[in-house]
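Protein chains: 2
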Amino acid sequence: MKNNHLLIQFIKNTYPISDYAAALIADNFERITYTKHTLMLKEGKINSDYLYLESGYMRSYVLDTEGNEVTTNIFKPNQMVFEVASYFQRKPSKENIETITECTAWGGKYESFQKLFHSLPEFREFGRAVLVKGFISFKERTISMITEKAEQRYEKLLSESPDILQYVPLKYIASYLGITDSSLSRLRKDFLRK
Amino acid sequence: MKNNHLLIQFIKNTYPISDYAAALIADNFERITYTKHTLMLKEGKINSDYLYLESGYMRSYVLDTEGNEVTTNIFKPNQMVFEVASYFQRKPSKENIETITECTAWGGKYESFQKLFHSLPEFREFGRAVLVKGFISFKERTISMITEKAEQRYEKLLSESPDILQYVPLKYIASYLGITDSSLSRLRKDFLRK
DNA sequence: GTAATTTCTTGTCATTTGTCAAGTAGTTTT
DNA sequence: AAAACTACTTGACAAATGACAAGAAATTAC
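Chains A and B supply the protein sequences, listed in that same order.
When you line the first sequence up against UniProt numbering, it's residues 1 to 194, in that order.
When you line the second sequence up against UniProt numbering, it's residues 1 to 194, in that order.
Spelled out as structure tokens, the structure:
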């Protein structure tokens, strides 16, 4: 038997449906494990996996014009991982996604989920709720970038996701926050003073 | 007869479906017109309208901690307008949405669209495509904020949406780009020099 | 366990953007 | 047409953040 109760719980938390429907949806996901520093999605490839991250940390990144890696998102346990433009519009991904730590996840392929999406109303609602959550999360990040200083963004991350500070190297966090790692280092020093 | 060919065209451009299905979906939208400076969605209210903006310009904004308006989004013709968290999660909106110019739009209420969503597969696909587009658009804005300087963000807006520069006051554009209006004014001066 | 590598911090100085205040130009109101 | 208001620009200076280089600390590889 699959030990997928965390996935089932996540589905039910994302959209309120019966235990039965949640188990049915979860049954279509397969367990996947990754070692750390595994490149799961490479720029130029089409993202075929719709992943639930059960444990571990991942990040997505792009290369800027000078070839530097820019961390566009950090993924922590108990959330979905996919590159929205590539997965839903079936286009080559502009982003890379890699594991930061060892990870365990549950995932399914685009084609099999398309069928399930059409046949199971609860899965449609779940899928829509996941899209809405992702949309809101990037919208909040945009608004945070235009309304808050780097220090406030850092402090918010620290209070909302202290675990990320523990498992993810600061250079990735700095990039995710839109600053350099030296600036982040200075913000942290100032923060300790207070 | 409704003169809704632009809406029908938009639906078909967003997700490829038959003329018949597109017309059926469009038939559920009602024409709405607004004068300029109309507050369409007020903070604290639940966003009940799912709008297609046919002509005119709108913006969404929030009040920051000092009570200043921050323009979070600018809407131009031929796009959907809704506050995603309020509309899809049925929660009080944190944002205000107002018209900048006179506007004509097509809209429908949440409840009637919920029915249509369940009964018409093409409408579900359209709705999903709209969510995906909005998600991508905020994701790109976040990445733009962390990878580009204000000047590059301005130049991109200028080249991609010169119409916005024509119809939307610079103070809203500055705020949307995450800078002050004096900074934008200086960037524009530097830009002319080149 | 030592060497190699990566991560993080710190110093110095440059650049970008903000703040505030004043002024000009354009638009709306009466 | 004058007055009032709004939009935009500009100047002087301050604050935030970046660039680059060096070094310390931690982690990984051998």
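Ideal Cβ positions, reconstructed from N, Cα and C, are used throughout, including at glycine.
With contacts defined as CB atoms closer than 8 Å, Thr38 (chain A) and Tyr176 (chain A) fail to qualify as a contacting pair. If you look at Asp19 (chain A), you'll find it isn't in any beta strand (DSSP E); it sits in the alpha helix (DSSP H) that goes 19–26. The alpha carbon of Leu131 (chain B) has as its nearest neighbour, out of B:Ile100, B:Gln79, B:Glu160, B:Gly178, the alpha carbon of B:Gln79.
In terms of CA proximity to Asn68 (chain A), B:Ile146 leads the group B:Ser55, B:Ile146, B:Glu122. In this structure, DSSP gives Asp64 (chain A) a state outside helix and strand, which the three-state scheme calls coil. In the DSSP assignment, Ser55 (chain B) is bridged to B:Thr104. Under the Cβ criterion of 8 Å, Leu158 (chain B) is not counted among the residues facing chain A. Among the residues facing chain A, Asp163 (chain B) is not included, as its CB has no counterpart in that chain under 8 Å away. Taking CB atoms only, Val81 (chain B) has no neighbour in chain A less than 8 Å away.
Under the three-state reduction of DSSP output, Ile8 (chain B) falls in the helix class. Pairing Tyr34 (chain B) with Gln152 (chain A), the inter-Cα distance amounts to about 38 Å.
Taking all protein chains shown into account, Arg141 (chain A) has 16 or more neighbouring C-beta atoms within 10 Å of its C-beta and is therefore buried. Within the same chain, and ignoring the five residues on either side of Tyr15 (chain A) in sequence, the residues whose Cβ sits closer than 7 Å to its Cβ are Glu125, Phe126, Ala129. Arg59 (chain B) counts as buried, since no fewer than 16 other beta carbons sit within 10 angstroms of its beta carbon. Remark: C-beta atoms of Lys42 (chain B) and Asn96 (chain B) approach each other more closely than 8 Å.
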